[in-house]
Every structure is written in C-alpha cells, then in structure tokens.
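Have a look at the structure below before the remarks.
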Amino acid sequence: MLKRKWLASVIVTLMLSGCAATYESAEEAYQDGDYAKARESWQKLALEGDNRSMYRLYTSTNRPSDKDIDWLKKAADSGLVDAQYDYGMYALEEEKYQDAQTYLTKASDSELDRASKVLELNNKLFPLWLKAENDDAKSIKNLGEHYWSTKDYDKSLKWYKRCVDSYNSCSFYIGLAFDNGYGVSQDYEKAVYWYTKSAELGNGSSARNLSWIYEEGKGVRIDKKKAFYWMNESAKTNWGGQAQLGRYYLYGIGTEKDTGKAFSLLTEAAPHAKSALYFLAHMYYYGDGIKQDYKKSFEYFSKTSKQNYSWSDYFIGNHYYYGYGKEKSYTQAYNWFEKAANAGVVDAEFRLGWMLSQGEGVTANSRKAFKWYQKAAEQGSVAAQNNLGVMYAEGNGVEKDDYQAFKWYEKAARQDDEVAQNNLGIRYESGKGVRKSNQLATFWYAKSAQKNYKKAQSNLNEILNKLRTKTVQIKKASVYKEGNFDSKELLVLPQGQRVYVLSSGSKWTEVYIPKNHTIGYLNNTHLY
0 MLKRKWLASV IVTLMLSGCA ATYESAEEAY QDGDYAKARE SWQKLALEGD NRSMYRLYTS
60 TNRPSDKDID WLKKAADSGL VDAQYDYGMY ALEEEKYQDA QTYLTKASDS ELDRASKVLE
120 LNNKLFPLWL KAENDDAKSI KNLGEHYWST KDYDKSLKWY KRCVDSYNSC SFYIGLAFDN
180 GYGVSQDYEK AVYWYTKSAE LGNGSSARNL SWIYEEGKGV RIDKKKAFYW MNESAKTNWG
240 GQAQLGRYYL YGIGTEKDTG KAFSLLTEAA PHAKSALYFL AHMYYYGDGI KQDYKKSFEY
300 FSKTSKQNYS WSDYFIGNHY YYGYGKEKSY TQAYNWFEKA ANAGVVDAEF RLGWMLSQGE
360 GVTANSRKAF KWYQKAAEQG SVAAQNNLGV MYAEGNGVEK DDYQAFKWYE KAARQDDEVA
420 QNNLGIRYES GKGVRKSNQL ATFWYAKSAQ KNYKKAQSNL NEILNKLRTK TVQIKKASVY
480 KEGNFDSKEL LVLPQGQRVY VLSSGSKWTE VYIPKNHTIG YLNNTHLY
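Under numbering that gives the first Met the number 0, the residues of the sequence shown are numbered 0 to 527, in order.
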C-alpha cells in the first residue's frame, strides 16, 4: 500500500516537473529564436490550463491575433495580474471602457502600481468614457473638448464626429481643424462644409469663421456679400461676430459703409469682445464717423494692449511719437514700437528701423535699423522695401550692393510707391545694379511724377532729351492704355504732336506724353 502511494507521488511530481520544464523549454526556445516551437508548446500548455502560457501567447507576438487576445483575457480571468493589466490597456485602446475599468481595477487591487497610475491619471475621463460607450452625446462632446484642450486633435476629432447631429459646436471644431490644419491636412473646402453645417444650426462662431473665409477668399472665391451675410448671422448669437459686423459696417465690407451702425454695434459689443474695443479705438484715432478723440483712442488701445492686441501697442507708440493726446516722447514711442515689432507687427518694424536710422529716442544704429527694415520689407512693407534699397545703395548698415538696391526698389515701385519708383528710375538711368535704359528710367520717373513727386518730375525734364521721338501724322490719334483698340482711351493727340518713344513693336509703340505724365500706346500707322 505504501509502495503504491509512493509511486503515485512520484508520477504527480514528474508530471508537474515535466509541465514546468516544458514551459521553461518553450521560453528557452523563444529566446533562441525558435518562435514557432515556443508558441506550439505554449499552445499545448494553454489548452491544459496553464495561465502563464496563455499570457505568453499574447506577449510573444508584435501583432496579436484575435485568438491571442482571447488567451490574454483567459489569463486575466484566471487571476494573472500582468494579464489583467494588459487586457485592461487593450480594452482601453479599443474603447471598451467598462472592460478597461474592470480589469485595471483588478490589477490595481493586486497592488500593481502601473494599473493604479492609469486609473488615477484617467479618473476624470472614465466616467465620460463609460457614458460615451453607451452613446451619451454630452459625454462624447465633453471628450472632444477635453482632447482639443490638450491639443490631441486626432482623438478630439474622433469624438467630435460622433456628436455632430446632437451639438452644432462639434461641427464647428471639425471645421476649425480643417481651417487650420489641426490633426488633419488643411482643407478650406472641408472647413466650409463643416462651418456651414454648424452655422445653419445657429452656431455663431461657425458663421463668423465662415464669413472670414469668404472675406479673405481662403480656398473659395472672395465673396464680400456672403461674408457680410454670415457675419450678420453670427452677430445674432455671438459678441465676437457682432464686433466683426461692426467692422464690416465701418469699412463697407459686403455692405454700404455706415459708421453710425458700426459705432452702435461696437459700443454694445465692447464689454464682451475685445475686438470691438479695438475697432472703437480706431474710430476715435482716425475720427472716422465720430469726433476725433486721441485720449479715448489711447484709453481703448491701452485696454486692448493688455489683452495681447499687438497692433494696439503700435498705435500707442504712435500716440507718443506724434504727441497724440499724450506728451510727445520718442523714448516711450520706441519702447511701444519695439514691443509691437517683437510680436511681428510690420508697421512697428518699419518704425523701429526709421527711429534707429535717425537716432530718435535711441542712439542711432544703422545695422539695427537695417535688421528691422529687412524684417518689415520681407513682410511686405513698401516703405521698408524702399529704405532697404537706400541702405544697400549707400552701404549704410550693410555692405554696398547695387543689385540688392535695385531689387528692393523694384519691389516697392511695383506696389506704387512714388519714392521707390523715382529711385528705380535713377537705377535704370545710371545702370547701377541693372542694364542701363533711359526708356525704363523714363517709365518709372513718369509713374512717380503722376503722383506729384517733385524729384521725379525734375528727373523727367532732364532725361527726355535722351529719348527718340515720333510725331502724330493723322488729324486725331488716340493713346490707349494697352496695345489694342479695345483698351481704355487715355488721350487724343492732334496732328504734329511729338511723343517720346519708350518701346516699339510691330503694330504699337509705347510712348510718354508730358501732359499728365501719360504713358500709353499709339498705333504705328498713326506715327512717323
């Protein structure tokens, strides 16, 4: 009898040690790179109820199959703590929030720290997740808002797309994402779609942003009337929209200019929307539709400056620079311009360049002046582009460079700056930085002279004797804006009128006529 008990004990021990050895040998095979053998052994052991093997079927692959997930769950259900944690995290990723909470809680109860940390980190989100799992629209919206606030736009948009039929704000944020490229590729067409969907349900922010898209022509044709329509809709429910509607009336955007309506709308919106206060400051500053009042404009610009309106800093600088409602102070002006310029306000960048070049309120520094002129010029400031050209031409604050001088003069001249047009004419006449051309010099002098720039008018008088002339040979010859009879007629010249040739083609000649400093085209058959 004792012999039989001893044999049974040995058999059980061998079975247990054999099982353990099999698990260990499978692990050894896995470490040696024989993954197929390892998984085959774990599969057999898992079928026999070994929870470690169940768990390893999940952890031994980078791409777990559905069957591997089933084994993970069985391991978790058997009480294996690591499996409970992993299954809880899997459920969380798959948005099975009830399962996630259940299994992570089990792991946490077994004092697994990382499970406790996940639960603690998401303690405010789990109640929302659990309700969202049951299609609670408010919780879904709140989750969208949460992830938007943390700039996790991918997750935010996933939630917002689930609540578009319940809350118009959900469509707004999707539109905002496409408008700005938050978590998606920027796509104005899709932004318009989502903004419109939201705006038609009464969302004022969507109507406002939709208005801006039509005003600026972002991805659509500019349509000021549509812009006005949507801003008017926005104003019904949104203080920011009302402030912008005031701006539309102030500047006549999509509607007739009406400073009275603008003032009324802006005044009402001012306590609620900082942009309204900013536009009111503009009205007082320029005296647009109301009595000019620099003290009020300074007061309002000061308030919006505190709300990070950088252009307000620039206008405060102007008050000090010109002594508008304040004692004139170049030092104070410089400080405010510098603050605005550091925020990228282009007019302030130009003003800093000017003050540094002239030594106004600060020690003159041509190199620093060049730096600020360059910043402003690259942002499109025409005056800065001209002044940058001057600095290159003179080698002031930068190494002299005739080509760069020409390049910047040309940029400004093509934007109708009369000083730059005259300077460009000088470049063509002298041949500095460009091939010499008296004809092109005359063209640009004339463009400048048309704006009554005296230096250009004087330069014209001196260069005309260097040009070839032709004479009108018919009784009346029309001068056209372009080289065709369908273009605008600029002048009618009598027979015998002498004109200055700028360029000639097979059918038309470009000419300069001293009267009104006209540049136009005459048909070749009308000249000799």
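No residue lacks a Cβ here, since even glycine has one placed at the ideal position from N, Cα and C. Values in this document were obtained by computation on a predicted structure and should not be read as measured data.
Determine which residues share a DSSP beta bridge with residue i and list them.
i      : result
Glu544 : The requested residue 544 does not occur in the structure, where the chain is confined to residues 0 to 527.
Lys479 : The sequence as given places Tyr at residue 479; Lys does not occur at that position. Note: Tyr479 sits in a beta bridge opposite Glu488, Tyr520.
Val529 : Nothing in the structure corresponds to residue 529, since the chain is present only between 0 and 527.
Arg497 : Thr470
Measuring from the CB of residue i, is there a heavy atom of the ligand FAD at a distance below 7 Å?
i     : result
Arg38 : Ligands are entirely absent from the displayed structure, and the ligand FAD is therefore not among its contents.
In terms of residue numbering, what span does the alpha helix (DSSP H) encompassing residue i cover?
i      : result
Lys431 : Unbroken run through Lys431: none, as it is neither H nor E.
Gly388 : 381-393
Thr195 : 187-198
Arg62  : Neither: Arg62 is in no alpha helix (DSSP H) and is coded neither H nor E.
Leu111 : Careful: Leu111 lies outside any alpha helix (DSSP H) and carries neither H nor E.
Tyr172 : 167-179
Leu153 : Per the sequence presented here, residue 153 reads as Asp, with Leu not at that position. Looking at the DSSP string, the run of the alpha helix (DSSP H) that includes Asp153 is 152-159.
Ser184 : Where Ser184 is concerned, there is no enclosing alpha helix (DSSP H), given that its DSSP letter is neither H nor E.
Glu144 : 136-148
Ser447 : 437-448
Arg51  : 50-58
Tyr452 : Element bounds for Tyr452: n/a, residue is neither H nor E.
Gly87  : 80-92
Ser77  : Neither: Ser77 is in no alpha helix (DSSP H) and is coded neither H nor E.
Leu528 : Shown here, the chain extends from 0 to 527; a query on residue 528 therefore has no answer.
Arg38  : 34-46
Glu398 : Segment: none, Glu398 is in no alpha helix (DSSP H) and carries neither H nor E.
Gln30  : 1-30
Answer yes or no: do residue i and residue j have a C-beta to C-beta separation smaller than 8 Å?
i      : j      : result
Ala226 : Ser205 : no
Gly535 : Trp507 : In the structure displayed, the chain extends from 0 to 527; residue 535 sits before or after that span and is not available.
Tyr313 : Ser296 : no
Gly322 : Ser365 : no
Leu466 : Val433 : no
Trp353 : Ala376 : no
Tyr194 : Gly174 : yes
Gly203 : Thr236 : yes
Ala82  : Ala74  : yes
Ser197 : Asn167 : yes
Trp371 : Ala340 : yes
Gly201 : Tyr152 : no
Arg113 : Tyr84  : yes
Tyr527 : Thr470 : yes
Tyr22  : Arg51  : yes
Ile315 : Ser301 : yes
Ala440 : Ile462 : yes
Glu94  : Glu39  : no
Val510 : Val498 : yes
Asn385 : Ala411 : yes
Val163 : Tyr187 : no
Leu355 : Lys367 : yes
His516 : Gln472 : no
Phe171 : Ala190 : no
Gly388 : Ala363 : no
Asn458 : Asn422 : no
Discussion item. Measuring CB atoms only, is the stretch 365-382 touching the stretch 341-357, in the sense that at least three cross pairs come out at less than 8 Å?
Written reply: yes
Practice prompt. Would you be able to state if there are at least three C-beta pairs under 8 Å between the stretch 477-489 and the stretch 445-456?
Written response: no
Worksheet entry | Touching by the beta-carbon criterion (3+ pairs, under 8 Å), the stretch 255-267 and the stretch 218-231 | no
Discussion item. Between the stretch 234-246 and the stretch 263-279, can you find at least three pairs of beta-carbon atoms closer than 8 Å?
Written reply: yes
Fill in: Whole runs of the beta strand (DSSP E) within the stretch 214-267, excluding any shorter than 3 residues
none
Item to complete: Please specify which runs of the alpha helix (DSSP H), each continuous and at least 4 residues long, are wholly inside the stretch 312-391, giving them in chain order.
Response: 329-341, 345-357, 365-377
Discussion item. Check whether the stretch 99-107 and the stretch 118-136 are in contact - that is, three or more C-beta pairs closer than 8 Å.
Written reply: yes
Discussion item. Runs of 4 residues minimum, wholly inside the stretch 263-302: which ones carry the alpha helix (DSSP H) assignment?
Written reply: 273-285
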